[in-house]
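Working notes, beginning with the structure itself.
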């Protein structure tokens, strides 16, 4: 099999897993691991995996709403609404458990509503500290992660230190490979289209992680040594929520841009969660949440978000920043005006796209992206 | 027909004009509203508080902005004036000034979907407008997330805008029971909080003064609890609409002798009403419980609508949130206080909220309940649809959900709400 055929085969496998609805995905999941749903990078996937379960991330789907409105007010984000809808329609009945990490007020309320439905056998509310810049919060978080470990051991399987170390190694290797793909993307964007890239990232939260690592290895091996792309695309940076949906990436790249880096919850923020392998694993899982800025829901100082974003954007060489934000996401929308101001004061233009359902107002979205990219393009 | 209730403290009209107005209005009512006489003391108290807040330098005071559920006792113990942006937001709402302030914040790029208390505060900071005009710059901020996660972001915005330090007091949400390590965490933060204050104010914390402040705080809180409990009587001597107004001192001034003095006065007046068997309204046929923050800009109309049907709000989940129910005085003071702040109503899960609503309905002998689905308060509003079902299942009492926003009237359809309330009251009457 030549490299091109291998590349297509690998991309096909990513597409297969990411194009399915939740109910259909169940048959593609490994049989030896019970799936546990989760939403947020503050859930230590390594622990779920070490217990013998499969961490399965719920990232929102374009599901038709018919039940969720009976439980939720309208001003909840798409992730909250579509996840509850999926639950109520029975799409998630294959899950053995669900893990909520305390992120925002909407998720806090969703956890209560979710438990009332009694559709999934197990639920654990992991109470991540909202303040991640002090010694008392580090001590508290360590205890909370221990509580989560106990829950997994009682309901899934014993977590030995060896298992946990192996799991940490596996997730670290995945992060390294994903980081490599991120690093190569700006030049290899002809070989790795935006939509393929989004699928690669999304698949990593749904499938067996060992198989995922194998696929990432193979993928990097079959990429041509030199990229075909010419440098005629406008480099842009994508900031926002967990929006690794192929269409968004396509719209941006079809408009003549290439996403050189992102700050998405499903993207590079996951890469900031590397765990040192030479220290106590529980200590490592705790400390990583204090060493870098992961989510605007958490307090790490009033300037943490702007400083992180500005540094990353400048490093990426992007000519502009697109904010792709879930409508009703308070954390991002509170930060947005100051972030916009900070970027624009450095001469970096921004565009705000407020999105609900991924299929909503496509035409308008494309027009706005097109106009923004044209504005950034050299005359 | 018209009813009235306690006015906002800073009305432009003079006291005499105001009292004359009340007398004229109440005389025309078919359901007579009894004005609370202590209201004039309340107004004087709140005018004095806001006067100090507006001119802290005249009193040699530093000002800290603090969230409504934050531990205020250490601030008073350190001689700091606490300012409550949420309380101010409520005032802007009652004065119907919120919409223009929200729009000012939106003009600067803040989303219309954000909490209207926050938008009001941010808009007021930008424009210098509001019932008090331009507010003095805070010296520092104290943010406690026991009421919501919104305040984290809101206070970060203001910390950047004013370039002042913020102390963030983290109280993890409690779905079931509080864990030992959670309690330890909030207690440890109390120590950090004190160190933060000592650093900002450059003088040591006095345990003796703190104890005195706490003792006043607990006394005010207990008086407030006793006043609210009096509404269990038939007829209720005060309505929840009264409580929405008269709660201001327990929020802003708990820990001071003024709050204690005021609530003693109010309690005395309510006791007299109980002795005389008179209620807040002459006619009390239907007793209701309210859930969520009031609709500040429409309190007057809602009160009028309800009373015209003989309905009185006798209890609510909001004003009782300042009752510090879980205060454990067997613990060292600082630890007990930390535990009480970590376990307030809004920081508790669904089951606690169900029990609290059911218990209020039972204790206050209510015929039903109204839930305000508040666009600006997700912690209060998410889960209300399920809460309504569960409370009705437990108590057999019907509930109504109305949609609004606590200060932004752009998200409110008064005629629709009025229609819903009328139908709801008819249902209760036919039962």
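Chains as they are written, first to last, in this note's numbering: chain A, 1 to 379; chain B, 1001 to 1431. Backbone N, C-alpha and C define an ideal beta-carbon position, used for all residues, glycine too. Small disclaimer: the values here were computed from a predicted structure and weren't measured.
Sequence-distant residues of the same chain with beta carbon closer than 6 angstroms to residue 369 of chain A, five excluded per side: Hits under 6 angstroms: 251, 252, 255.
Beta-bridge partners of residue 1141 of chain B, as assigned by DSSP: According to DSSP, residue 1141 of chain B bridges with B/1065, B/1166.
C-beta neighbour in chain B for residue 131 of chain A, strict 9 angstroms: Yes, its Cβ sits closer than 9 angstroms to a Cβ of chain B.
Neighbouring residues, chain A, relative to residue 1168 of chain B (Cβ below 7 angstroms): One finds 131, 299 in chain A with Cβ atoms closer than 7 angstroms to the Cβ of residue 1168 of chain B, taken in chain order.
Selection of the stretch 1189 to 1203 of chain B by Cβ proximity to chain A, strictly under 9 angstroms: Hits within the stretch, in order: 1189, 1191, 1192.
Counted within 10 angstroms of its Cβ, other Cβ atoms place residue 221 of chain A as buried (16 or more) or exposed: Residue 221 of chain A comes out exposed.
For residue 138 of chain A, the nearest candidate out of A/287, A/318, A/293 (CA to CA): Comparing Cα-Cα distances from residue 138 of chain A to each of A/287, A/318, A/293, the minimum goes to A/287.
C-alpha gap between residue 1105 of chain B and residue 1160 of chain B, whole angstroms: Using only the alpha carbons, I get a separation of about 15 angstroms.
Within chain B, partners of residue 60 of chain A - CB distance below 9 angstroms: The premise fails here: residue 60 of chain A is roughly 17 angstroms from chain B at the closest Cβ pair, so nothing lies under 9 angstroms.
Beta-bridge pairing of residue 1372 of chain B - partner residues as DSSP gives them: As DSSP reads the structure, residue 1372 of chain B sits in a beta bridge with B/1402.
Bridge partners - residue 1290 of chain B, DSSP secondary structure assignment: For residue 1290 of chain B, DSSP records a beta bridge to B/1316, B/1370.
Selection from A/62, A/219, A/183, A/44 that minimises the alpha carbon distance to residue 167 of chain A: Out of A/62, A/219, A/183, A/44, A/44 has the C-alpha closest to the C-alpha of residue 167 of chain A.
C-beta neighbour in chain A for residue 1383 of chain B, strict 9 angstroms: Yes, because at least one Cβ of chain A sits closer than 9 angstroms to the Cβ of residue 1383 of chain B.
Counted within 10 angstroms of its Cβ, other Cβ atoms place residue 1124 of chain B as buried (16 or more) or exposed: By the neighbour-count rule (16 or more Cβ atoms within 10 Å), residue 1124 of chain B is buried.
Sequence-distant residues of the same chain with beta carbon closer than 6 angstroms to residue 216 of chain A, five excluded per side: Only residues of its own chain outside the window of five on either side were considered, and among them 177 have a CB closer than 6 angstroms to the CB of residue 216 of chain A, listed in chain order.
Three-state secondary structure assigned by DSSP to residue 1256 of chain B: In the structure shown, the three-state DSSP call for residue 1256 of chain B is coil.
Start-to-end residues for the beta strand (DSSP E) that takes in residue 262 of chain A: According to the DSSP assignment, residue 262 of chain A belongs to the beta strand (DSSP E) that extends over 257 to 263.
Nearest residue (CA-CA) to residue 1181 of chain B, options A/27, A/298, A/290, A/129: Comparing C-alpha distances from residue 1181 of chain B to each of A/27, A/298, A/290, A/129 shows the shortest one belongs to A/129.
Beta-carbon proximity check, residue 1230 of chain B vs residue 1290 of chain B, cutoff 9 angstroms: Taking 9 angstroms as the cut-off, the beta carbon of residue 1230 of chain B is found no closer than this to the beta carbon of residue 1290 of chain B.
Closer than 9 angstroms to chain B by CB, residue 127 of chain A: Residue 127 of chain A counts as touching chain B.
Distance CB(residue 84 of chain A)-CB(residue 68 of chain A) smaller than 9 angstroms: It is a contact, given that the beta carbons lie within the stated cut-off.
Three CB pairs or more closer than 8 angstroms across the stretch 1310 to 1318 of chain B and the stretch 1281 to 1289 of chain B: The stretch 1310 to 1318 of chain B vs the stretch 1281 to 1289 of chain B: in contact.
Host alpha helix (DSSP H) of residue 206 of chain A (start-end): First-last for residue 206 of chain A: undefined, no H or E at that position.
Rounded distance between the beta-carbons of residue 1297 of chain B and residue 1093 of chain B, thought under 8 angstroms: With 8 angstroms as the limit, residue 1093 of chain B and residue 1297 of chain B qualify as a contact, their Cβ atoms being about 5 angstroms apart.
Beta-carbon neighbours of residue 104 of chain A, restricted to chain B and to distances below 7 angstroms: The answer, in chain order, is 1149.
Per DSSP, cross-strand counterpart(s) of residue 452 of chain A: The displayed coordinates of chain A run from 1 to 379. Any statement about residue 452 of chain A would go beyond what the structure contains.
Touching by the beta-carbon criterion (3+ pairs, under 8 angstroms), the stretch 1082 to 1099 of chain B and the stretch 1117 to 1136 of chain B: Yes, since at least three Cβ pairs between the stretch 1082 to 1099 of chain B and the stretch 1117 to 1136 of chain B fall closer than 8 angstroms, the two stretches touch.
Where residue 3 of chain A falls: helix, strand or coil (DSSP): Collapsing the DSSP output to three states places residue 3 of chain A in a helix.
For residue 212 of chain A, three-class secondary structure by DSSP: Helix.
Where the stretch 1341 to 1356 of chain B meets chain A: residues whose CB sits under 8 angstroms from a CB there: Taken in chain order, the members of the stretch 1341 to 1356 of chain B whose beta-carbon sits within less than 8 angstroms of a beta-carbon on chain A are 1349, 1350.
Per-residue DSSP class, three states only, for residue 74 of chain A: DSSP places residue 74 of chain A in coil when its eight states are reduced to three.
Inter-residue spacing [alpha-carbon to alpha-carbon] between residue 1383 of chain B and residue 1114 of chain B: Cα to Cα, the separation comes out at about 19 angstroms.
Span separating the alpha-carbon of residue 122 of chain A from that of residue 34 of chain A: Cα to Cα, residue 122 of chain A sits roughly 12 angstroms from residue 34 of chain A.
Closer than 9 angstroms to chain B by CB, residue 81 of chain A: No, residue 81 of chain A does not count as interfacial toward chain B.
Three CB pairs or more closer than 8 angstroms across the stretch 1200 to 1207 of chain B and the stretch 156 to 165 of chain A: Contact between the stretch 1200 to 1207 of chain B and the stretch 156 to 165 of chain A is absent, because fewer than three Cβ pairs lie under 8 angstroms.
Residue 1142 of chain B at chain A interface by Cβ criterion, 9 angstroms: Closer than 9 angstroms to the CB of residue 1142 of chain B there is not a single CB belonging to chain A.
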